[in-house]
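Numbering (the numbering used here), first residue to last: 952 to 1261. Don't be surprised by glycine CBs; every beta carbon is placed ideally from N, CA and C. These notes concern the structure reproduced below.
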């Protein structure tokens, strides 16, 4: 992907644009035009910038006067709903650990995540919504883009009519959840991230393409650790992406071992983490434990975007 991103950087004259920005500027709010929403534009800028996205200027104005806070609890977690799509074992691992990190959570298991239950739970004034599962973008009808639940699809159209003003953060650890449509360019873009913002959420973390399940799990858990340590959502995502793209085999194994020691984890989750740490060391020993993992490729980390307040 790196050659293609370099070409896009040249086409958009990013280097020339950066030269016009004062050295004191280190935060960017990107409002991509039309199909530029499909690209990870945040990767085109130097590392000194922390970037977030807005689907429209009006949504940005709506968020401007909203009070910022660092409360992410209580959390609503919908965990890999049972559908006709393949199960996501690492999604269940991710959800179990996120619930321990955030605490004070409500969990809808894979068999419980029906449309009625999820919609009812979403309107119960939680601070964070963490979804792991399958999501898709509908190119012909962006308002029908959806996340998959046990008995059907929760569409962007339905989401946009909910009252989600209590939510500081919505995390969609699924595939293609950040894409938006170009219909009605003079109005708000339509897509899952935009729908959650229109419904009142302050921030939406979502993905531009189908992501690797394992690397996605590590990035999301690192994101929550940084978020709960005090970083803003935009900063936490940026730092987590940098962490994933530079981490070595030895560092990843040590970090997974630390995760396994979190209090309150179910024994089965601890066993899976312990086994994963051992496998990471074993695989890394054939390459070099101090060598960076393949996650440096933008495919593994660049899909994640933060849309909203930042």
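Please classify residue 1065: does DSSP put it in a helix, a strand, or coil?
Working through the chain shown from its first residue, we reach residue 1065 at position 114. Coil, per DSSP.
Under 9 Å between C-beta atoms of residue 1155 and residue 1172
In the chain shown, counting from the first residue as 1, residue 1155 sits at position 204. In the chain shown, counting from the first residue as 1, residue 1172 sits at position 221. The answer is no: Cβ separation not under 9 Å.
Using 9 Å as the threshold, is the C-beta distance between residue 1167 and residue 1041 below it?
Residue 1167 sits at position 216 when you count from the first residue of the chain shown. Residue 1041 sits at position 90 when you count from the first residue of the chain shown. A contact, by the Cβ cut-off of 9 Å.
From the DSSP output, which residues share a beta bridge with residue 1241?
Here residue 1241 refers to the residue found at position 290 of the chain shown. Residue 1241 pairs with nothing; no bridge assigned.
What are the boundary residues of the beta strand (DSSP E) that residue 1096 is part of?
For the purposes of this step, residue 1096 is taken as the residue at position 145 of the chain shown. That residue, residue 1096, is in no beta strand (DSSP E); it is neither H nor E in DSSP.
Considering Cα atoms alone, identify which of 1086, 1095, 1242 is closest to residue 1035.
Within the chain shown, the letter at position 84 stands for residue 1035. Considering only alpha carbons, the answer is 1086.
Measure the C-alpha to C-alpha separation of residue 1260 and residue 979 and round it to an integer number of angstroms.
One-based indexing of the chain shown puts residue 1260 at position 309. One-based indexing of the chain shown puts residue 979 at position 28. If you take the alpha carbons of residue 1260 and residue 979, they lie about 12 Å apart.
Could you have a look at residue 1298 and say whether DSSP puts it in helix, strand or coil?
In the structure as shown, the chain begins at 952 and stops at 1261. Residue 1298 is therefore absent and cannot be evaluated.
CB-CB length for residue 1244 against residue 1228, believed under 8 Å:
Position 293 of the chain shown holds residue 1244. Position 277 of the chain shown holds residue 1228. About 14 Å; that fails the 8 Å criterion.
Closer than 6 Å by C-beta to residue 1136: which residues in its own chain qualify, once you throw out the five before and the five after it? Chain order, please.
In the chain shown, residue 1136 corresponds to position 185, counting from 1. With a pLDDT of 34 at residue 1136, under the threshold of 50, the modelled position of that residue is not reliable, and the figure given next carries that caveat. Counting only residues of its own chain and dropping the five nearest sequence neighbours on each side, residue 1136 has no CB closer than 6 Å to any other CB.
Give me the residue from 1096, 1054, 1238 with the minimum Cα distance to residue 1215.
Numbered from 1 along the chain shown, position 264 holds the residue referred to as residue 1215. Comparing Cα positions, the closest option is 1054.
C-alpha gap between residue 1112 and residue 1188, whole angstroms
For the purposes of this step, residue 1112 is taken as residue 161 along the chain shown, with counting starting at 1. For the purposes of this step, residue 1188 is taken as residue 237 along the chain shown, with counting starting at 1. C-alpha separation (whole angstroms): 28 Å.
Enumerate in chain order the residues of its own chain whose CB-to-CB distance from residue 1185 is below 6 Å, with the five nearest sequence positions on each side excluded.
On the chain shown, position 234 is the one that residue 1185 refers to. The answer, listed in chain order, is 1001, 1003, 1257, 1261.
Contacts around residue 1225, its chain only, beta-carbon distance under 6 Å, and the 5 residues preceding and following it disregarded:
Taking the chain shown and counting its residues from 1, the one referred to as residue 1225 is at position 274. Only 1211 meet the Cβ criterion.
With DSSP as the reference, label residue 1030 as helix, strand or coil.
Here residue 1030 refers to the residue found at position 79 of the chain shown. DSSP places residue 1030 in strand when its eight states are reduced to three.
Using a Cβ-Cβ cutoff of less than 6 Å, which residues in the same chain neighbour residue 960 once the five nearest sequence positions on both sides are dropped?
Stepping through the chain shown from its first residue, residue 960 is reached at position 9. Cβ neighbours of residue 960 within its own chain (closer than 6 Å, five residues either side excluded): 995.
May I have the straight-line CA-CA distance separating residue 1169 from residue 1253, to the nearest angstrom?
In the chain shown, the residue the question calls residue 1169 occupies position 218. In the chain shown, the residue the question calls residue 1253 occupies position 302. One C-alpha to the other measures close to 14 Å.
So if DSSP puts residue 1076 in a beta bridge, which residue, or which two residues, is it bridged to?
Here the question's residue 1076 lines up with position 125 in the chain shown. In the DSSP output, where bridge partners are listed per residue, residue 1076 has none listed.
Just to confirm, are residue 1099 and residue 1027 a CB contact at a threshold of 9 Å?
By 1-based counting over the chain shown, the position of residue 1099 is 148. By 1-based counting over the chain shown, the position of residue 1027 is 76. The answer is no: Cβ separation not under 9 Å.
Would you call the CB atoms of residue 983 and residue 1249 closer than 9 Å?
Numbered from its first residue, the chain shown carries residue 983 at position 32. Numbered from its first residue, the chain shown carries residue 1249 at position 298. Result no, Cβ atoms of residue 983 and residue 1249 do not sit closer than 9 Å.
Considering only residues of the same chain and omitting the five flanking positions on each side of residue 1235, which have a CB-CB separation below 6 Å?
Within the chain shown, numbered from 1, the residue matching residue 1235 stands at position 284. Hits under 6 Å: 1200.
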